[in-house]
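*Asks:*
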Amino acid sequence: MHVKIAEQRMKPSHEQNPRTADEHYQRGVAMMNIGRWDDARESLDKARKAAPKADHVHYALAALDCLTGEADSALANLKVAIQLRPENRYHARNDEDFAFLQEDPRFTELLYPEKDGTAG
1 MHVKIAEQRM KPSHEQNPRT ADEHYQRGVA MMNIGRWDDA RESLDKARKA APKADHVHYA
61 LAALDCLTGE ADSALANLKV AIQLRPENRY HARNDEDFAF LQEDPRFTEL LYPEKDGTAG
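Residues 1 to 120 in the working numbering are what the sequence shown lists, from first letter to last.
1) I need the boundaries of the alpha helix (DSSP H) containing K49, first residue and last residue.
2) Excluding sequence positions up to five away, which residues of its chain have a Cβ less than 6 angstroms from the Cβ of F100?
3) Does the beta-carbon distance from A81 to H58 come in below 7 angstroms?
4) Q26: beta carbon under 6 angstroms from a heavy atom of the ligand COA?
5) Are the C-beta of A92 and some C-beta of chain D separated by less than 7 angstroms?
6) Express the C-alpha separation of K115 and V29 in angstroms, rounding to a whole number.
Below you can see the structure in the form of structure tokens.
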């Protein structure tokens with residue numbers, strides 16, 4: 001018990017109580033990495049509200065949605081991340097967090113638009 005209290009007190013103050021969009025994002029990703037999905041979603045939602053045009057936040061939410069089996073939400077968040085920063089399309093192609101969507105034709109259409117004849 002005392003070790004946990006000491007560890008908490010040793011953390012930088014922004015880790016104890018995130019305030020900025022980036023601090024919420026960092027906490028959300030950390031929570032994702034240890035499988036604390038609800039805490040991750042709470043932090044990433046706060047980051048999105050604070051910085052609605054931050055592509056990396058939408059991308060992280062898409063990954064979290066995918067990891068928790070929320071295909072529709074994952075695709076919607078990934079679409080926004082790609083609209084904000086088209087390079088996210090290429091990152092998602094090789095991101096293991098999106099394995100859940102690999103067989104979904106909507107995922108393929110989103111990541112490979114050139115295959116449907118609408119892209120150059």
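Positions of the beta carbon are idealized from the N, C-alpha and C atoms, including for glycine.
*Replies:* Inspection of the coordinates gives the following:
1) As a position in the sequence shown, residue 49 is number 49, starting the count at 1. Per DSSP, K49 belongs to the alpha helix (DSSP H) from W37 to A50.
2) Along the sequence shown, read from residue 1 onward, the residue named residue 100 stands at position 100. So the list reads C66, once near-sequence residues are dropped.
3) For the purposes of this step, residue 81 is taken as the residue at position 81 of the sequence shown. For the purposes of this step, residue 58 is taken as the residue at position 58 of the sequence shown. In contact: A81 and H58 (Cβ atoms closer than 7 angstroms).
4) Here there are no bound small molecules, and the ligand COA is not part of this structure.
5) The chain inventory of the structure shown lacks chain D, comprising one protein chain alone.
6) Indexing the sequence shown from 1 puts residue 29 at position 29. Indexing the sequence shown from 1 puts residue 115 at position 115. Each residue's alpha carbon lies about 32 angstroms from the other.
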